[in-house]
Each structure stands twice: as C-alpha cells, then as structure tokens.
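Every letter in the first sequence is one number past the one before it in my numbering, and letter 46, counting from 1, is 57.
Heads up: the structure comes next, in structure tokens.
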Amino acid sequence: MRLSQLIGKTLRDDPKNAKLVSHKFLLRGAYIRQVGAGIYSLLPIAKKIVSKIENIIREEMNRIDGQEVMLPVVMPRELWEEAGRYDSIGDEMLRFKDRNNNDMLLGMTHEEAIVHLARTEINSYKQLPVMLYQIQTKFRDETRSRGGLIRVREFTMKDAYSFHTSFEDMVDYYHKVHEAYDRIFKRTGLVDFIDVKSDAGMMGGNTSHEFMLLTPDGEDTIFVCPQCKYRANKEIAQADYPGVEEDPLPLKKVATPGKKTIEEVAAFLKVEKQQTAKAVFYVAREKQLVFVLIRGDLEVNENKLGKALQTNDFRPAHDVEIEKAGAVAGYASPLNLSTDDFTLVVDPTVEQSNNLVTGANETDTHYINFNADRDLKGMEYIQTDIATPREGDPCPQCKKPLKSSRGIEIGNIFQLGTKYSQPMQADFLDEHGKRKPAVMGCYGIGVGRLMASVIEEKNDEYGPIWPLSIAPWQLQICAINYRKQEVKDATEKLYIELKEEGIDVLLDDRDEKAGVQFNDADLRGIPFRIVLSPRNLKKNQVEFKRRDSKDKTFIPLNKVVATLSHEIKQELKKYS
RNA sequence: CGGGGCGUAGCGCAGUCUGGUUAGCGCGUUCGGUUCGGGACCGAAAGGUCGGAGGUUCAAAUCCUCUCGCCCCGACCA
C-alpha cells in the first residue's frame, strides 16, 4: 500500500474529547471517525487490524471445533418473547417497527437466534456437543458510551454458543473456551490480563468469568488475592470481614441525641464503626420497601442487592417511605417492626457480630448489644452477602488482604445451563430416547474493544505499538526525498521485492519531510520500519528500526529483503 | 436517568459576559518557490446556513425561549 493513496489523515492536535490513550491515538492516527454517540466508522488501517484480530479468534474457535455462522441483526419481537427477554430487557435494546407494523429489534446478543437455529438442526445426542459462533454487529443502546471504542453502542462481537448433553460436559467445554481465550489474547499481544469471577447479569446462568486487561483506566474494579489467586469483579467480589465475636449482652436503649450517621453514633458511644449495624432503605419496583441491615463500616453493593431482590429496578427510599413502615430515619433498625411492611435483607456480617449498636426507631435513641440471631428471631428475612469489599479486606478463601485494581473487560464466558434451551425447547433425544433440553454455554469477545485495549497496553508518547500478529502492515518504508530519482528508483525496486517476498508493506511515498513521515509512522504503529534516503543510499544501506525500540541499525541494500523476511518470521513466532 | 460542560472552516481554538461594517487565528488542504533525517519557511488561494427553529432589536455568533447533538462525572451496562 502506498501512503499517498491511503485514506485517513493523521491529526497533529490531540482531540479535545479523548481522554483514554487508545481513543486519542485511534483518532489521531486516523483509525476511527465518530458518526454519533458510541457509533464509529473504521478506516482502512483499523479495518486491517480488526480483520487480523478476527482471524486469530476464528482460528482459535475453529481449533475447539467451533462452526462459524451468521445470525440476523434484526429480529422479530416474537422470538425474544419466547425466553422472556423482550420484556425483561429495558431501553438498552433498540426496538422499532417494520412497514407492516411488526415489532422488531436490533440484536444486542444472540441467544434467542442461536437457539432458534439449534432447535431445528439439533435433535440427537449424537450431534452433541457442538459450538456455533459468529463475528457480527451488535447494537446496545447504552445510556452512556465512552472512551472511543471502549464502550460503544454499535460494535463487532464474536459470540459463541455451545450445546451439550449434560452440565458436566458443558463445564468441561467451558474450560476449553477459557484456554482458547487465553491463547487469543496472548496472540493479540496482550500480556497483563487475568480472568475474574463475574456477575452473569442479564445473561443468566450460574458461573461466569470475565477476562480483564489490567489498566488504571479500566472501567471495572476487580479484587485480586495475591496469595491464593482469588479474583473477582467488584460486582460480586466477597471478603471475609473480621467480625466482633463476644458473649451476647442484654439489649439496652441508650440516648444518642442528634447522632444520626454511623460516624456520629460510633464516635458518641466510643465504639468502632464495625460494632454498629446500619439500616439502608430502598424502594424496589416503585412499591416494595427494602430494609437492608449491614454492618456500619461496610457499603451496600447495589449489584448484589439487585440479585437478592431479583430486579434492577430500585432506588434509595425517601424518609416518608421509611417512616410509613414505622422506622425512624437515622435511628432505624428492624427491631419492633413488622416485616409485613418491608422486605428485610440482612448481610451476614451483622449476624456474625455480637453486641452491635443499632437504631431504636425512636428519635435520638439507639440500642446497644444488638445480636441478630437472638433479636431478629421469628422475623422473616433474606440473609445474603450484599457488602462491597474494600482494598485490604481479607480474602474470602485464604484471608490474605485483597488488592483492588482496574480493568477493561475484553471477553467473557458464561455457563448458561438451560436458561434459553428450556423455555425455547431446544431439546435433543438422549440415548434412551428421552427428550432433554440442551445445556448451553456462551462466550463473547468485543473485537473493537480488544483493538483499543491493545493500544492501552502497548503505546508510547508517539502512538500505538502494534504487535506483529495484528499490525495493519508488517513493515513501513519511509522514503526521504522520494522525489529524488535515486531514492525513488531504489525505493520502488525494494518495495516490489518486499511485496514479492510476501511482506505486507506500507510505503510512505509522499514528498514529506522526514519528521512528518516519522511521526505519521509512529502513529500507525507498524512494528518494523526502514528508511531510504540519499544519505543511506550513498552507503548502499537502509536504516532499520523496530517500533518498540529506540535503536537504529543499518542493513546493506542487497540484504534488506532477506533480513526483514527473517526478522518478521522470528517475530511472528512470538504470537503463534 | 441525575449533575456539569461544549456546539464558530477538515482538526484545534479566539470572539459571546458588555449586540455594531466584508466573523478571526493556528494546523491541515490547493498552487508557486526556497528547504529537506523527528511535525521547515515565504507568497498566493480555496474553505463558514457561527448546531437548528422562533423571538427581541435599526442591527444578533453575541440577548431571550424552545429544540437537537456531542463530551465529562455518576447511576446503568450479556
């Protein structure tokens, strides 16, 4: 490819809206252009990278016996009603009507479509296990897209779905996908990524993992145990919060005039915050008051709470709503109240501690020596972990202090079970002729986000540093003083020879100053670069430089093709 | 969805508070010339419904109302 013909102008100035390095360089290097919020066009250079990433994914999916398919982007409402998601998913799904006034939608994920396909094509255990995948456009009407390609509304995704005769077989295959994902990310050049336990969210199912690129600019917070390798997304992460175990003392009212917050009450009564139980109120589905009791030093994890309540439709309660249930804001506890008026959720930390301070449902009054197992006896409540871990909290497995870090989610895998196959009747006949729903797993990778993530990990002040496995071109030629005949002749000759050798070359044949060419080359991040100039040609040599190094060496003109061919082959081995 | 910010040439911005001829600057683009190894210089040129609609006014990029779009923080997010 000749740079003089390549579509995509590099920008000198940093785009004002770009905060992430990947966003900045994707714009400056003319990889992407924005069309609308979270909607981008890919220019040729980005398309080349994305295609290479897709091919790596394809190879690894095929290696674990995946079969590539293509499912529709537009689907009818009826299909999505079968598993109940037409109603359960909110505005994140874009809906519209076709000319016949039928309700249609844009696919944001394809469980429904794949099950629709599988249930007609798969009817025997002899066909299982099987995995089908596609690389295709998804549309998710995110409330807030951000960070260039990191969070967008329209994006290309590899989504894979496996079907099995048993849960055990699915779990077994799940591990194979896990390994395939490791290979995919390594082959794209990523180094600093880990897998974490994650929340299945709207996908449903039990176990799921996310692959996270560790970077301070990531949008997810994850907790990692340096000792036992426990690692989990903040959404579901747990910790072994040290409790205060003592012999229970009798419940007693104490005056706490004007002390409403946990800080104030703890300070006033001269106890630690973890010796208190605090009340947090929500209203679920705009009708159900939720009373959350959690240890005073901990924060409620609303993601966990949502799971406990089986809805995401909740908000903090207003004081009026709290008072209707007989509780007094600032002095609230479940004591002396009736669970007929609210749903009570109690975090285990409260149960495991003794002699806590908690509200008395009277203004300016608290109880001391609250013991949940004794004092909540007879009350109906949900006992479940709803606490948010903090850095340094003990690991739930080995009790070593947890570390928190930030990450970008570059892939995820789910053990779906029969969540879709059951309601949609994707059944097969087993060896006894018995009809059973297939057990499913599903597995996703956002391709554009992966490309951006590689920039996040591999860049310098001048631009991205593409790993050779996904680089848009393998080699860049900078021809300095290209208009001079001797430079032009030597460059053209070499360009043809390199291409004939099978090397993917980008030739800067523009009549630009060296500085301009070098800066543009750095923005395009091509792994290898050679420079032809009058100065070098006089000595019958070219200058050679790797994008990931500052060192420059010289190669005799007649050795260039052989040397580069060798270098490229050696470098490619790192990613195979 | 809550809070904040911004829409003026392809990109980055000034001008708006305090209304006043043909709306500026830098980069980029085109043409001519001098340069030529880390974003050169000189000269000329093209390029604008000042996001949109309505209003106030002799006069609106500037003031008012409505509206659309985008960005950032948060909430949300297979």
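Cβ atoms here follow ideal geometry from the backbone N, Cα and C, with glycine treated the same way.
Segment limits, alpha helix (DSSP H) that includes residue i
| i | result |
| --- | --- |
| Asp515 | Premise fails: Asp515 is in no alpha helix (DSSP H) and is neither H nor E. |
| Glu578 | Val571 to Lys584 |
| His34 | Val32 to Arg39 |
| Gly526 | Ala525 to Arg535 |
| Val458 | Val458 to Glu468 |
| Met181 | Phe178 to Arg198 |
| Asn547 | Pro545 to Lys549 |
| Leu355 | No alpha helix (DSSP H) holds Leu355; the beta strand (DSSP E) holding it covers Thr354 to Val357. |
| Arg44 | Counting along the chain, Arg44 falls outside any alpha helix (DSSP H), though it belongs to the beta strand (DSSP E) covering Ile43 to Gly47. |
| Glu8 | The shown model of the chain, from 12 to 587, leaves out residue 8, and the question about it has no answer. |
| Val84 | From DSSP, Val84 is part of no alpha helix (DSSP H); its letter is neither H nor E. |
| Thr502 | Gln496 to Glu511 |
| Ile247 | Careful: Ile247 lies outside any alpha helix (DSSP H) and carries neither H nor E. |
| Lys335 | Asp330 to Lys335 |
Inter-residue spacing [alpha-carbon to alpha-carbon] between residue i and residue j
| i | j | result |
| --- | --- | --- |
| Pro6 | Pro567 | Residue 6 is absent from the model: the chain starts at 12 and stops at 587. |
| Glu79 | Gly341 | 58 Å |
| Lys411 | Phe174 | 39 Å |
| Arg306 | Arg162 | 35 Å |
| Pro140 | Met104 | 30 Å |
| Pro253 | Pro259 | 17 Å |
| Leu348 | Val339 | 11 Å |
| Gly389 | Met86 | 50 Å |
| Val291 | Val303 | 5 Å |
| Thr232 | Glu420 | 10 Å |
| Thr176 | Gly47 | 44 Å |
| Tyr506 | Arg460 | 33 Å |
| Asp358 | Gln249 | 12 Å |
| Ile481 | Phe222 | 19 Å |
| Thr350 | Gly229 | 41 Å |
| Lys63 | Thr120 | 23 Å |
| Thr131 | Leu90 | 14 Å |
| Lys240 | Glu391 | 36 Å |
| Thr287 | Lys30 | 41 Å |
| Leu224 | Gln426 | 21 Å |
First through last residue of the beta strand (DSSP E) which encompasses residue i
| i | result |
| --- | --- |
| Leu304 | Gln299 to Arg306 |
| Leu224 | Ser219 to Leu225 |
| Arg385 | Where Arg385 is concerned, there is no enclosing beta strand (DSSP E), although the alpha helix (DSSP H) it sits in stretches over Ala383 to Asp386. |
| Val282 | First-last for Val282: undefined, no H or E at that position. |
| Phe289 | The displayed chain sequence assigns Lys, not Phe, to residue 289. Where Lys289 is concerned, the enclosing beta strand (DSSP E) stretches over Ala288 to Ala295. |
| Glu554 | Gln552 to Arg557 |
| Arg96 | First-last for Arg96: Arg96 to Ser99, but that is the alpha helix (DSSP H), not the beta strand (DSSP E). |
| Glu79 | Gly77 to Glu79 |
| Leu53 | Ile50 to Leu53 |
| Thr564 | Lys563 to Pro567 |
Residue(s) in a DSSP beta bridge with residue i
| i | result |
| --- | --- |
| Glu165 | Phe150 |
| Ser415 | Phe234 |
| Met72 | Paired residue(s): none; Met72 is not in a bridge. |
| Ser135 | Leu440 |
| Asp114 | Lys108 |
| Ala490 | Leu543 |
| His377 | Val265 and Gly370 |
| Met12 | None; Met12 has no bridge partner. |
| Ala171 | Tyr144 and Tyr454 |
| Val207 | Glu221 |
7 Å Cβ shell around residue i - same chain, five flanking residues per side excluded
| i | result |
| --- | --- |
| Phe36 | Ile466, Asn470, Gly474, Pro475 and Leu534 |
| Gln45 | Tyr51 |
| Gln576 | The displayed chain sequence assigns Ser, not Gln, to residue 576. For Ser576, where only same-chain residues beyond five positions count, the Cβ hits under 7 Å are Glu512 and Ile514. |
| Lys264 | Ala371, Thr376 and Tyr378 |
| Tyr586 | Arg198, Gly200, Pro478, Leu479 and Ser480 |
Residues near residue i by beta carbon distance below 6 Å, same chain, minus five either side
| i | result |
| --- | --- |
| Phe178 | Val450 |
| Met454 | The sequence given here places Tyr at residue 454; Met does not occur at that position. Result list for Tyr454: Ala171, Val188 and Ile424, in chain order. |
| Glu310 | Thr399 |
| Leu22 | Arg39 |
Cβ-based neighbour list, residue i, same chain, cut-off 8 Å, excluding 5 preceding and 5 following
| i | result |
| --- | --- |
| Ala295 | Val301, Leu320, Thr322, Asp324, Phe325 and Thr354 |
| Asn113 | Pro87 and Arg88 |
| Glu362 | Ala383, Asp384 and Gln394 |
Tell me, please, whether the stretch 51 to 60 touches the stretch 546 to 565 by the rule of three or more beta-carbon pairs shorter than 8 Å.
no
For the 8 Å Cβ check, are there 3 or more pairs between the stretch 272 to 288 and the stretch 367 to 374?
yes
Can you find at least 3 beta carbon pairs, one from the stretch 519 to 535 and one from the stretch 482 to 499, that sit closer than 8 Å?
yes
Three-pair Cβ contact test at 8 Å for the stretch 117 to 135 versus the stretch 432 to 443
yes
Pair every Cβ in the stretch 180 to 196 with every Cβ in the stretch 144 to 163, then say whether three or more of these pairs are closer than 8 Å.
no
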